[in-house]
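Right, one structure below, let's go through it.
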Amino acid sequence: MAEVEKVGKTVSEAVEQALADLGIGAEQAQVDVLEEPTRGLFGILGNRMAKVRVRVKETPSRRARTFLEKIFKAMDLSADMDIQEDNGVLSIDIQGEGLGVLIGKRGETLDALQYLVSLSVNKKQEEKYRVLLDVGGYRVRREQTLEDLALRLAEKARQKGRNVILEPMSPHERRIIHTTLQGLEDVYTYSEGEEPYRKIIISPKRHARA
Amino acid sequence: MEELVEVLAKALVDQPDKVEVNMIKGEKAYVIELRVASEDMGKVIGRQGKIARAIRTVVKAAATKQHKKVLVEIV
């Protein structure tokens, strides 16, 4: 954690210098006054300066950012991040060139990274945050793709009157499919198999087949 | 690649100074050995190896970028 100690004539003067050194605003800082200034005899003898320690406050966003920046450096990637903290949810969107490597096959790497970020952000914290990690809006696009796929395959199940088995998907992706088809009258969905090979089956309802 | 394993492991454990990473360059693949304090083993393995799997997935992605095959062993 970044921290500096500064000496100044007054506490506020010392704090100001420390903030400037750290390049942060007062709201991001945690200040400890180590020594109060005292004025000695005739303002000459035994003068003591103010001494403060200023630390960058650890917020979930900051922890996530620091962790991800280290990962990008180790992977030799240059990327920007936008982090939003809202109601216990940390939404991180990563932008940059050549970041497909962070997504992986069907978002496999993205899910793994999201899990690791969530563990690191919530380590030894009382308040737990849910971490949502995205790269260049991949998840939004994928969601749309899955919804389209679900509707198309539901139509196929309906027409052929047969079960349609989807490829294995993560719990998050399965939820999107289930939710998309939930309200439909003539098909229903369920999952089969063990993680990570669990897959959805879209099945026509009986009365629809008759 | 060792750096990546180190960054990931240190962010997960309680005793980051006990994290040791060692890379062995084999002919077909590189093996990265990860050592952590024994109390921290669970922190890098996880229930049913879930954390270890996530670490391997991310490292594998980084390795693909460099066209290498890398195995992460927790020892």
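Chains as they are written, first to last, in numbering that gives the first Met the number 0: chain X, 0 to 209; chain W, 0 to 74. We put the CB at the ideal spot given by N, CA and C, even for glycine.
For residue 2 of chain W, the closest Cβ of chain X is nearer than 8 Å. Taking CB atoms only, residue 50 of chain W has a neighbour in chain X less than 8 Å away.
Residue 153 of chain X sits in a helix when the DSSP states are folded into three classes. Taking 8 Å as the cut-off, the Cβ atoms of residue 143 of chain X and residue 130 of chain X do not count as close. Secondary structure in the stretch 69-139 of chain X: the beta strand (DSSP E) runs of 3 residues or longer, each lying completely within the stretch, are 79-85, 88-94 and 129-134 in chain order.
For residue 69 of chain X, the nearest CB of chain W lies under 8 Å from its own CB, placing it at the interface with that chain. Each of X:84, X:69 and X:83 was checked against the Cα of residue 77 of chain X, and the nearest Cα belongs to X:69. Residues of the stretch 8-27 of chain W with a Cβ closer than 7 Å to any Cβ of chain X, in chain order: 10 and 11. Inter-residue distance for residue 50 of chain X and residue 18 of chain X is about 14 Å (C-alpha atoms, whole angstroms).
Scanning chain W for C-beta atoms nearer than 7 Å to the C-beta of residue 114 of chain X yields 53, reported in chain order.
Here residue 108 of chain X is buried: its Cβ has 16 or more other Cβ atoms, across all protein chains shown, within 10 Å.
Between the stretch 115-131 of chain X and the stretch 169-177 of chain X, the count of Cβ pairs shorter than 8 Å is below three; the stretches do not touch.
Listed along the chain, the chain X residues whose CB falls inside 7 Å of the CB of residue 68 of chain W amount to none; the nearest CB is some 15 Å away.
Going by C-alpha positions, residue 38 of chain X is about 43 Å away from residue 125 of chain X. Rounded to whole angstroms, residue 16 of chain X and residue 61 of chain X show a C-alpha spacing of 22 Å. The C-beta of residue 107 of chain X comes closer than 8 Å to at least one C-beta of chain W. Interface flag for residue 30 of chain X against chain W is unset, since no Cβ pair is found closer than 8 Å.
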